[in-house]
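Heads up, the thing below is written out as structure tokens.
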Amino acid sequence: CQVAVLISGSGTNLQALIDAAAAEDAGFELCAVISNKADAYGLTRARDAGIPAAVVSHRDYADRESFDRALIECIDGHGAELVVLAGFMRILTPGFVRHYSGRLLNIHPSLLPKYQGLNTHQRALDAGDAEHGVTVHFVTEELDGGPPIVQAVVPVEPGDTAGILAKRVQQREHSIYPLAVRWFAGGRLRMDGERVLLDGELL
Ligand code: GRF
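Each number in full-length UniProt numbering corresponds to the 1-based position in the sequence shown with 11 added.
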């Protein structure tokens with residue numbers, strides 16, 4: 012399965028996917044890494060791994076529609092079958108989401124449906140939650156609202172700051188994202204409306 016990864020920043024999730032793709036039985040290959048920011052460190056990770064890396068800057072386009080059309084052209088031009096958002100900090104248009112319906116994944120650092128949007132770690136701390144975590148989900152037109160595929164739960168410890176909690180969550184991100192991509196690549200994972208099927212069973 013050919014996978015395109017969209018990033019905006021450091022790309023630690025991208026690195027986890029690069030490492031997972033190197034396994035003999037991975038079943039997927041990264042065909043492109045695309046960033047909307049030219050200085051994203053993830054682009055260096057891609058180049059170091061010999062993966063085609065491209066910049067499509069939102070600043071070069073007048074509106075979201077034309078930016079998303081350029082993204083689609085780049086993604087499809089690399090032959091991607093699955094599109095993985097890994098810290099990609101742009102809101103995508105309904106047209107983009109529809110184009111990749113059922114083959115567009117995101118990772119969001121909260122136990123969705125809790126804490127959609129930004130600053131999730133601080134919000135979990137402020138709420139006094141005992142547990143926090145991360146969700147991999149199919150992307151639909153509702154921001155951070157698509158059906159979940161897999162979650163990982165971490166404890167919130169006394170004295171945690173948002174930064175400490177983020178690190179604990181990120182360690183889990185780096186195992187569940189490759190897991191979901193392997194499932195998809197193996198033909199085991201399917202979005203059916205608002206539901207997700209793994210090996211034909213509802214999740
Ligand atoms: C991760 O925390 C992810 O959950 C969120 O953006 C961050 C990306 O980090 N969507 P990285 O660029 O993969 O290090």
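Beta carbons: idealized from backbone N, C-alpha and C, even for Gly.
Go ahead and pull the three-state DSSP assignment for residue i.
{"i": "residue 9", "result": "Limits of the chain in this structure are 12 at one end and 214 at the other, which puts residue 9 out of reach."}
{"i": "residue 55", "result": "helix"}
{"i": "residue 74", "result": "coil"}
{"i": "residue 212", "result": "strand"}
{"i": "residue 18", "result": "strand"}
{"i": "residue 192", "result": "helix"}
Taking residue i as part of the beta strand (DSSP E), name the residues at either end of that continuous run.
{"i": "residue 172", "result": "It is not in any beta strand (DSSP E) - residue 172 carries neither H nor E in the DSSP assignment."}
{"i": "residue 199", "result": "Segment: none, residue 199 is in no beta strand (DSSP E) and carries neither H nor E."}
{"i": "residue 141", "result": "Neither: residue 141 is in no beta strand (DSSP E) and is coded neither H nor E."}
{"i": "residue 44", "result": "40–46"}
{"i": "residue 164", "result": "159–166"}
{"i": "residue 65", "result": "64–66"}
State the start and end residues of the unbroken alpha helix (DSSP H) segment that holds residue i.
{"i": "residue 25", "result": "23–32"}
Pick from the options: whose alpha carbon is nearest that of residue i?
{"i": "residue 163", "options": "190, 50, 108 and 113", "result": "190"}
{"i": "residue 108", "options": "150, 127 and 67", "result": "150"}
{"i": "residue 130", "options": "104, 176 and 165", "result": "176"}
{"i": "residue 165", "options": "159, 172 and 143", "result": "143"}
I want to know whether the region 14–27 touches the region 93–102 - three or more CB-CB distances under 8 Å.
yes
With a floor of 3 residues, list each beta strand (DSSP E) that falls wholly inside the region 81–132, ordered by position along the chain.
93–96 and 115–119
Say whether the region 30–48 touches the region 186–204, bearing in mind that this needs 3 or more beta-carbon pairs closer than 8 Å, one atom from each stretch.
yes
Any contact of the region 37–46 with the region 64–84, i.e. 3+ C-beta pairs under 8 Å?
yes
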